[in-house]
Amino acid sequence: MKSWTKRIALAVLLMAASVPAMADVPNPNGHGTSRSSNIKTFMHLSPDVRATEAKLIIPRSLLTELSAQADGHDSQSAAAVTRRIFNMNGAQTVMAGIFLSLAFAAGGLWLVRSRVASGKPARAALGVALLALCGATAGVTYANAGPPPVARSLTSRILIQDAQPYGASGEVKVEVSDDANTVTLVLPVKNTQ
Amino acid sequence: MQNISGNIRLAPYRRTEWFAPRVAVSFLSFCLLAALLISWKPIQLSIATVFLFAGPHNWIEFRYFMEKMPARWGKSKLFYSVGLGGVGALTASYIALFSLGQSWYLNAAAWTVSIALWNTVMLVWLASLVHLRAKQTKRRDWSWAFAAGFALCALAWINPLLFSLALVYLHPLVALLFLDRELKRARPAWRKTYHLCLALLPLALVLMWSHLIHAQGLPVDDALSWRITQHAGAGILTGVSSRLLVATHVFLETIHYGVWLLLIPAIGMGGSVWETKRVPLASNRKGWPRAVRAALVCGLFVMLALWIGFAADYATTRDLYFTFAMAHVLAEAPFLIRLL
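Here it is, written out as structure tokens:
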């Protein structure tokens, strides 16, 4: 009976540690490539029943302003550096996973070995801290389950509250307008059923 | 027995028994003054501090390590073999990696994987040293070392460049650990004051950051300024002001130099760095006193050569220095673990 309790406790602990790995963590790569700009403007989200595709309208004056401020080569190289720093390739993910497993195994061995020694609470706390570290690092291995379908295309559905935790992404047609005064994102209105 | 306990209770409380105001005031004044000056002119002070203190602090470290090195390794043979062998192998591989990176033999992906691999070998080496030291001393349970080492390896693979940058910022703080060990040995009465100073050190950093967080990035008009900002991580932490990054790095390096050049010689070496009586390799009956003196003199010549190099071509010498100086960064590990 006692051994079953231990096994269940261990299983619960493992599941708790694996939660961040299965969580749908938004990919931070999407947020890392932008550089700060001093230019601020208004943006309007416009659901449009007649639109057939998402469309981003940028005022030409704003585009000219942006072009004047940004040095094209500098922006590209900065974006490339950011991609290089925050993107993980397959080898990195595999190696990080292997070392997390080794850390977990070595930590378990250490806990088992020091079980009979004094100072149990402190060691247990350290073990939990190590587990939390494993969980935290597992969280950033980007085990993305993917957002729900509603957040995979740019339609008026992204305005509902359920889609907000995921954000939304999808194809957008970019237009530069001489007449527009604000940045406008036109979202085709689609029936929810 | 009762009389003794009565005397202990009646003994007047002496503030100076644990609190050393001169030490606290000197240490904190130095830190605050350094923080102010460095926030004002980070690039200039980065150039000046490396020029003036990089070589001398390496020489003092070399002298300190000689003092801590036993003449006969005895039961510590494996520990020192792994420690010094690791320093040699890791330094050589780091120099090779740097050379390949400079000559464009490695593309960005290969460079990232190579750095991660190097960090992994270094972490496993450190964990092995802790394990070997733990086998020698039975006082503490250090079997957690491999668990922590592997967890750090995972971090090193998740983001190798950020991990390497973290090492750049953490290395200066290692000197503070050495100082703590020396205080414990030679001036235990100052130790609590020192810990108090350490607790206040983040305050100096917070003051510096609050002043520089919205500061404009440093102008990188020349190759040297660009190199200094890159060394401080401006190419990695693009969202942070490069002025803040450089100032923080120079501040930590200045503390590092101050500890090695002033405090450790004064406390740990009895004020005289030329005395070789306390160097086991020189004073031991089977030691090599001439070789020790020759090594120290050679160190002085290297220091002089470094100054000449800085004066002739500062940027290139700085690059070379920080590549070869990896040896002293690594050498600190076995000697510090040995002192624990």
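So the sequences go chain by chain: A and B. Quick note: to get my numbering, add 4 to the position in the first sequence (first position is 1). Quick note: to get my numbering, add 64 to the position in the second sequence (first position is 1). Each residue gets a CB set at the ideal place from its N, CA and C atoms; glycine is no exception. Predicted model, so just to flag it, every value in this text is computed and none were measured.
(1) Report yes or no: do the stretch 107 to 114 of chain B and the stretch 258 to 277 of chain B share at least 3 C-beta pairs separated by less than 8 angstroms?
(2) Where does the unbroken alpha helix (DSSP H) through E131 of chain B begin, and where does it stop?
(3) For L282 of chain B, which three-state DSSP category applies?
(4) Which word fits I124 of chain B, buried or exposed, when buried means at least 16 other C-beta atoms lie within 10 angstroms of its C-beta?
(5) Give me whichever residues DSSP pairs with S181 of chain A in a beta bridge.
(6) Residues of chain B with CB closer than 7 angstroms to the CB of A107 of chain A, please, in chain order.
(7) Taking 7 angstroms as the CB-CB cut-off, is L135 of chain A touching chain B?
(8) Determine the burial state of V136 of chain B: buried for a count of at least 16 other Cβ atoms within 10 Å of its Cβ, exposed for fewer.
(9) Chain B partners of L4 of chain A, CB-CB under 8 angstroms?
(10) Between which residues of its own chain and P236 of chain B is the CB-CB distance below 7 angstroms, once the five residues before and five after are set aside?
(11) In chain order, which continuous runs of the alpha helix (DSSP H) of length 4 or greater are located wholly inside the stretch 304 to 341 of chain B?
(12) Output needed for L100 of chain B: all residues of its chain with C-beta closer than 6 angstroms, excluding positions within five of it in sequence on either side, in chain order.
(13) Does the CB of S207 of chain B have a neighbour CB from chain E at under 7 angstroms?
(14) From the DSSP output, read off the bridge partner residues of P192 of chain A.
(15) So, is G174 of chain A buried or exposed, given that buried needs 16 or more other C-beta atoms within 10 angstroms?
(16) For my contact list, A250 of chain B and I331 of chain B are in at a C-beta cut-off of 8 angstroms; report their separation, rounded to the angstrom.
(17) Roughly how many whole angstroms lie between the Cα atoms of G111 of chain A and L187 of chain B?
(18) Between which residues of its own chain and A239 of chain B is the CB-CB distance below 6 angstroms, once the five residues before and five after are set aside?
(19) Does the stretch 142 to 159 of chain B come within contact of the stretch 385 to 396 of chain B, defined as at least 3 CB pairs closer than 8 angstroms?
(20) Taking the alpha carbon of L343 of chain B as the reference point, which residue from B:E131, B:Y144 and B:Q294 has its own alpha carbon closest?
(21) Compare the beta carbon distance of T188 of chain A and I102 of chain A with 7 angstroms and say whether it is the shorter of the two.
(22) Below 8 angstroms between beta carbons is the criterion; list the residues of the stretch 170 to 191 of chain B that meet it against any residue of chain A, in chain order.
(23) Inspect the beta-carbon positions of S306 of chain B and T293 of chain B and report whether they are closer than 7 angstroms.
(24) Once the 5 residues before and after G351 of chain B are set aside, which same chain residues still bring their CB inside 7 angstroms of it?
(25) Counting C-beta neighbours from all protein chains within 10 Å, is the total for G155 of chain B 16 or more, i.e. buried, or is it exposed?
(26) What residue range does the alpha helix (DSSP H) around R245 of chain B cover?
(27) By a C-beta neighbour count over all protein chains shown, 10 Å radius and 16 as the cutoff for buried, is R54 of chain A buried or exposed?
(28) Taking only beta-carbon positions, decide if K177 of chain A is within less than 7 angstroms of chain B.
(29) For Y378 of chain B and H313 of chain B, which I take to be in contact (beta-carbon distance under 8 angstroms), what is that distance rounded to the nearest angstrom?
(30) Can you look up E396 of chain B in the DSSP assignment and give me helix, strand or coil?
(31) Can you tell me which of B:I102, B:G150 and B:S103 puts its alpha carbon nearest to the alpha carbon of A391 of chain B?
(32) Tell me whether the beta-carbon of A220 of chain B lies closer than 7 angstroms to the beta-carbon of T184 of chain B.
(33) Quick one, which of A:L14, A:K59 and A:V193 has its alpha-carbon nearest V180 of chain A's?
(34) Give the residues of chain B in contact with S118 of chain A, contact being defined as C-beta atoms less than 8 angstroms apart.
Let me spell this out:
(1) Between the stretch 107 to 114 of chain B and the stretch 258 to 277 of chain B, the count of C-beta pairs closer than 8 angstroms stays below three; the two stretches do not touch.
(2) It spans P106 to K132 - the alpha helix (DSSP H) in which E131 of chain B sits, taken as one unbroken run.
(3) Three-state result, L282 of chain B: coil.
(4) Its Cβ being crowded by 16 or more others within 10 Å, I124 of chain B is buried.
(5) The partner list for S181 of chain A (beta bridge, DSSP) reads A:P63.
(6) Contact note: A107 of chain A reaches chain B through A211, F214, A215 and A218, using a C-beta cutoff of 7 angstroms and chain order.
(7) For L135 of chain A, the nearest beta carbon of chain B is not closer than 7 angstroms to its own beta carbon.
(8) It is worth fixing the name first, because residue 136 of chain B is Arg in this sequence and not Val. So R136 of chain B counts as exposed.
(9) In the structure displayed, chain A extends from 5 to 197; residue 4 of chain A sits before or after that span and is not available.
(10) So the qualifying residues of the chain are L316, E317, I319 and H320.
(11) When DSSP assignments are scanned along the stretch 304 to 341 of chain B, the uninterrupted stretches of alpha helix (DSSP H) that are 4 or more residues long and fall wholly within it turn out to be 306 to 322 and 328 to 332.
(12) Answer for L100 of chain B: no residue qualifies.
(13) Looking at the structure shown, chain E is missing, and the protein chains on hand are A and B.
(14) By DSSP's assignment, P192 of chain A forms a beta bridge with A:D52.
(15) Around the beta-carbon of G174 of chain A, fewer than 16 other beta-carbon atoms lie within 10 Å, marking it exposed.
(16) A250 of chain B to I331 of chain B, Cβ: 5 angstroms. Contact.
(17) Whole-angstrom Cα-Cα distance: 16 angstroms.
(18) Cβ within range, chain order: H320, V323 and W324.
(19) Yes: the two stretches touch, three or more of their Cβ pairs being nearer than 8 angstroms.
(20) Contrary to the premise, residue 343 of chain B reads as Val rather than Leu in this sequence. The shortest CA-to-CA distance from V343 of chain B to any of B:E131, B:Y144 and B:Q294 is the one to B:E131.
(21) No, they are not a contact pair.
(22) Here the close residues are A172, A173, T176, V177, A180 and T184.
(23) Yes, the Cβ-Cβ distance between S306 of chain B and T293 of chain B is below 7 angstroms.
(24) Within the same chain, A135, P344 and L345 come within 7 angstroms of G351 of chain B by CB-CB distance, once the 5 residues on both sides are set aside.
(25) Contrary to the premise, residue 155 of chain B reads as Thr rather than Gly in this sequence. Burial call: buried.
(26) Residue range P224 to A250 is occupied by the alpha helix (DSSP H) that includes R245 of chain B.
(27) Looking at its Cβ environment, which holds fewer than 16 other Cβ atoms inside 10 Å, R54 of chain A is exposed.
(28) Output row for K177 of chain A: interface = no.
(29) That belief does not hold up - the Cβ atoms of Y378 of chain B and H313 of chain B are roughly 17 angstroms apart, past 8 angstroms.
(30) Here DSSP, grouped into helix, strand and coil, assigns E396 of chain B to helix.
(31) The option with the nearest alpha carbon to A391 of chain B is B:G150.
(32) Contact: yes.
(33) With distances taken between Cα atoms, V180 of chain A lies closest to A:K59.
(34) Going along chain B in sequence order, the residues near S118 of chain A (Cβ under 8 angstroms) are D205 and S207.
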